[in-house]
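Here the structure is laid out as C-alpha cells; the discussion comes afterwards.
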Amino acid sequence: MSSAAFSKAKQTLADMFGGVSSAPRQGWNLAARDIRIEYVHTKMGLFWAFIEPLAIAGVFIALRSSGSLEVSGLNMPFSLFAVSGILIWQTFFDGMMMSLTSLQRASGLIGNYAMPPESLMMAMVFRSLFLLCMRVPIVLGLAAAQGLLEWQNALLFIAMSPICALGGVAVGLFFAPFTLVSGDLKLAVGVIARPMLYLSGAVFPLTGGLAIFKHGNPVALTIEELRFCLLSPSLSHILPLFYVALGIMALFCVSWFAYHRTMRAYV
Amino acid sequence: MSDVSTQRPIISASQIGRSFPRRRQNNVSRNFNDILGNIFCLPPKHDRDEEEFWALRDVSLDIRPGDAVGVIGRNGSGKTTLMKLLSGLLAPTKGHVSINGEIQALINLGAGFNQRLSGRENILNGMRMRGISPKRSPELVEQIIDFAEVGAFIDGPVETYSSGMKSRLGFALCIFLRPDLIVIDEALSVGDLAFQNKCKLHLQAMKQQGVAMLLVSHSMTSIRQFCDRALWIHAGELQADGPVDQVTAQYLEFIDQEMSRNEEPAAALTEASPPMQHAPTQPARPLSAKVAQRWSNLTPKDNKVIDDPDKSFLAQNPQLQWKRPTISENQVEELYGGHIEPTGFQDFRAVVLSDGQPTNTLQVNKPFAIEFGFTPQRPINDLNVSLVFHTKDGKRLSTISTLNGDLLKQNGDSRVLCRVNIADIPFAAGYYVVTISIHEGNAYLWRDAILEFKVSPNRFMVWNPISMQYQYNIFKVSN
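Chains A and B are the protein sequences, given in the same order. Residue numbering for the first sequence follows the numbering used here, beginning at 10 and increasing consecutively. Residue numbering for the second sequence follows the numbering used here, beginning at 72 and increasing consecutively.
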C-alpha cells in the first residue's frame, strides 16, 4: 500500500469515527421520519408493521391446523419452524435491500442536511431493528402458545436475533457502492436473494441434496441456531452464533469503510 | 466583544477542490474499477484524469463570526460547489474543510421536505434532524409557522402547497434554528416582495447579532449592500478575496472586458484586448484607471458633508409638511417596482427645490435639487438611500444612490438630512415620479413614491423621455 493510499485510509478512518458521534441521534431521527412517512396516511399506523408477520404466522397456523401441510423430522412444530425462519430471513432481506438502495436515496437528503454517512447507516440499522421488534413478539408468542417457551430462552432469542438485522444491513452496505455503476446490481441481488428464502432452511429443512445450500451460508446457519436458542439452547448452538456475529461485525466494518468512502466521493 | 480576526473561524477551508466525472454528466455512471479504486484509496489512473471535471480547485479561506461574505462569479464558475463544500453538503476531493459551528444552507429551499407529511410535521422533522427538540422549543415551531405565512395550510400535506409556500417554509425553518453561519445561494427570491423584504430584514438583524453570512448572488447591489468582504470565483479558482467594493469592481472590470471582447467587431479593433490575467494572488487589487474613472463618474466629485444642518431648506422651514403624492400603494406596486411599508424611522420629509424654492414644476435642462430627511428610531449602520426617477407611466429613468461612496453607511441613529443637487434635468416635458428606497443592508426599511413633479417644455421639441443637452455644428459645404 502506497503512503498516499495509507494516509487516505487513515483520514477516512478518522472521518468515520468522527461521524459516529452524531450518528445515533441523526440516525434515530431519520429512521423515525421514514417510519412515520410509511404509515402517515393510515388509520392503523404502526399496527401495519405488526400485521404483516401476524398474517404470515396466521397462514402457517391455519395450514398446520388443517393438517394439509406437515413436515416430519423437526424438533418443533412446523408452524413455529416456518414462521421463525421466514421472519428471521425477512428481517435479513429487508435490511439488505434497504441498505443496497441507500446511496441513491441519500442524495436528496444530504443535499439538504449536512450529515455523515454514519447517520444514514445508523438509520438503516434502526429501521431494520424496528422491523425485528415487530416480528420477534410473533415468534415468541407462537412458541408460548404452543407451550414451548421458557423465559430465559426468550431472552436469549431476543438478545441474539439482531444478528440477522445487522447481517442484512452489512451485506447491503457491502454491495451498495456498486449500485452506482449500474442499477442492474440492485435488481440482480433481489432476484437472487428471494429464492434463497427456500434454500436457507427458512421454510423447509434443508435435507438430502439441499443440504449443500446450508454449508457456508451464514443466513441458514443463523436461522438454524436462532431456532435452537428458542427451544433448547446449548453452548454448541450459541458458539456458532457468536462466530456468525463476529463475522457480521467484521463484514459491517469493511462495508462501513467502503460505504463511507463511496458516499464521500460520489454522492 | 473580542476582535473578530482573533476569533476561531466557523469555517476554515484549506486548498479544497472538488471534481466530478464528466461521464456522469452524460448519464453514464462510474465503472466498477473507479468504485473499487476509490474504496482501496488508489489514485485515479492518468487516462481517467482527463475525464475529471474540476468544479473548484485549491480554494483556501476562513469565515469568522460576524463575517458577511459575498461570493460572485459567472454562471458555472463553481460558486454553488463552493457553498456546498463549505456547508458540509459535499465532501472535497482534495483539501480539508474544518467546521466549528452550526451552519444552515439556504440551498434548494424546501427540497428536503417530504411531500406526504404536513408542513408542521416537516418542521418538527427538520428541527429533530438539526438536533433541536420540538418539545423543548414549542415557541420556535410557532415562530417558524408565523414567519412562513402558510396559515391554515400548515397541517395539510406539503404536496398541496404552492412552490412559493414550500420555499417560504424552507426559508423560515432554516433561519429560525439559530445557526452560527447562514449560507444563502440565490435564495432570497422567495415569495413576493414583501416576504423577501421580511427575510432580508431578519437576516440583517441576525447579521447584527453576529451571525456570519455567506451570500451568493449575481446582484452586485445586493452583495455591496449586505457584505463587507467578497470572494470572486472564476473557472473554479479563487480570483480575489478582499473588501467588497474592490472585489466587485474588479469583477465588473472583468465582465466589461469579456463583453467588449464579444461585442466589438473584430475589424474595428486595432489592438487585441489583452487576455484577463487570472493572478493566483488572493488579495483584491486596486481598481484599474478605467474602472476607477467609471465608478468615480457615478458619484459626483463634489459630494460634501456640511456641518451646519440649519443651512438646509427643510431645517429652515420646519412648518412645511411633506405630503405623499396621491398615488395609491397598488400603483406604486405595479408601476414603480414595489411598495414596502415604512419601518425603523420617523419624521420623513422631502421637497423638490428650484432656485432654492420648493416647487413641483421644473424646466427642461435646468438645475434643481431634492432635499429629504428622516430620523432613525434605532442605530442603522448599513444605511443607504436610493432615489429613483420614473415617468408617470412607470418607465424607470435614473437612480441616485448613497451606495456609491457609502455616504450614509455608518450613520447610526442621527437624523438623516440630505440635499441632492442635480445640475441638469435631462427629462423631456411631462410628469415624473420619484420613489425612495431606504435600505438597511439589502433589506428595505421603506419603498414608496415620495415626490411628483412636472417638467415644462422649453422652446424646443423633445420626442422621447430624455432630452440631452446638445450643440450642433453645421459645416457649410459649397457646391
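C-beta atoms are modelled at their ideal positions from N, C-alpha and C, and glycine is treated no differently. Note that the structure is predicted; figures quoted are calculated from it, not measured.
So, does the CB of residue i fall closer than 9 Å to a CB anywhere in chain B?
i, result
"A:K17", "yes"
"A:F187", "yes"
"A:A267", "yes"
"A:M124", "yes"
"A:A274", "yes"
"A:S31", "yes"
"A:L118", "yes"
"A:A229", "no"
"A:A14", "yes"
"A:R270", "yes"
"A:V134", "no"
"A:T303", "Chain A is shown from 10 up to 276; residue 303 of chain A falls before or after that span and cannot be answered."
"A:V178", "no"
"A:T100", "no"
Establish whether the CB of residue i and some CB of chain A are separated by less than 9 Å.
i, result
"B:G202", "yes"
"B:R199", "yes"
"B:A162", "yes"
"B:I81", "no"
"B:N196", "yes"
"B:S100", "Confidence in B:S100 is poor, its pLDDT being 49 and thus under 50, which makes the residue's placement unreliable; the coordinate value appears in the next sentence. It does: the Cβ of B:S100 has a partner Cβ on chain A nearer than 9 Å."
"B:D120", "Residue placement at B:D120 is poorly supported in this model, since its pLDDT is 49, which falls under 50; the coordinates still yield a value, given next. Chain A contact via Cβ: absent."
If residue i and residue j are in contact, beta carbons under 8 Å, what's the gap, nearest whole angstrom?
i, j, result
"B:F593", "B:V423", "Residue 593 of chain B is absent from the model: chain B starts at 72 and stops at 550."
"B:R201", "B:L132", "B:R201 to B:L132, Cβ: 25 Å. No contact."
"B:T462", "B:P536", "6 Å"
"B:P396", "B:A520", "5 Å"
"B:L127", "B:G88", "6 Å"
"A:S170", "A:W98", "Not quite, the Cβ-Cβ distance comes to about 12 Å (not below 8 Å), so this is no contact."
"A:G199", "A:E127", "Going by Cβ atoms, the distance from A:G199 to A:E127 rounds to 26 Å, so no, they are not a contact pair."
Going by the DSSP bridge assignment, what does residue i pair with across the sheet?
i, result
"B:C489", "B:F443"
"B:F460", "B:S469, B:V505"
"B:R300", "B:V140, B:P314"
"B:K525", "B:T432, B:Y502"
"B:D256", "B:V287"
"B:H167", "B:S85"
"B:I451", "B:G483"
"B:E511", "B:L454, B:A514"
"A:F7", "Residue 7 of chain A is absent from the model: chain A starts at 10 and stops at 276."
"B:H305", "B:E308"
"B:L47", "Residue 47 of chain B is absent from the model: chain B starts at 72 and stops at 550."
"B:P228", "B:S189"
"B:F91", "B:F124"
"A:V68", "Partner(s): none; A:V68 has no beta bridge."
"A:D193", "According to DSSP, A:D193 bridges with nothing at all."
"B:I411", "B:R518"
"B:V130", "B:I87"
"B:Q417", "B:T446"
"B:Q175", "B:I253"
"B:I537", "B:F498"
Cβ contact check for the segment 183-203 of chain B and the segment 224-244 of chain B: 3 or more pairs under 8 Å: Output reads yes: the segment 224-244 of chain B touches the segment 183-203 of chain B.
Residues in the segment 376-399 of chain B having any Cβ partner in chain A nearer than 7 Å: Here the close residues number zero.
At least three beta-carbon pairs within less than 8 Å, the segment 250-258 of chain A to the segment 125-145 of chain B: no
Segment contact, 8 Å Cβ cut-off, at least three pairs: the segment 472-490 of chain B with the segment 233-249 of chain B: No, they do not touch.
Selection of the segment 103-116 of chain B by Cβ proximity to chain A, strictly under 9 Å: F103, D105, I106, L107, N109, I110, F111, C112, L113, P114
The segment 162-171 of chain B in contact with the segment 191-211 of chain B per 3-pair CB rule at 8 Å: no
Selection of the segment 33-46 of chain A by Cβ proximity to chain B, strictly under 8 Å: R34, Q35, N38, L39, A41, R42, R45, I46
Cβ-based contacts, 7 Å cut-off: residues of the segment 444-478 of chain B near chain A: none
Chain-ordered residues of the segment 49-79 of chain A with a beta carbon less than 7 Å from chain B: V49, H50
Stretch-stretch touch, CB-based, cutoff 8 Å, three pairs: the segment 42-60 of chain A with the segment 133-148 of chain A: yes
Stretch-stretch touch, CB-based, cutoff 8 Å, three pairs: the segment 230-243 of chain A with the segment 123-137 of chain A: no
Meets three-Cβ-pair contact criterion under 8 Å: the segment 509-517 of chain B and the segment 272-285 of chain B: yes
Inter-stretch contact at 8 Å, needing at least 3 Cβ pairs: the segment 168-187 of chain A / the segment 259-275 of chain A: yes
Short-range partners of chain B found in the segment 189-215 of chain A, where Cβ spacing is below 8 Å: Cβ contacts with chain B come from L189, V190, S191.
Given 8 Å, three or more beta-carbon pairs between the segment 106-114 of chain A and the segment 203-217 of chain A: No, the segment 106-114 of chain A is not in contact with the segment 203-217 of chain A.
Three-pair Cβ contact test at 8 Å for the segment 81-94 of chain A versus the segment 150-158 of chain A: Counting C-beta pairs closer than 8 Å gives three or more between the segment 81-94 of chain A and the segment 150-158 of chain A, which meets the contact rule.
Inter-stretch contact (C-beta, 8 Å, three-pair minimum) for the segment 293-303 of chain B and the segment 166-178 of chain B: no
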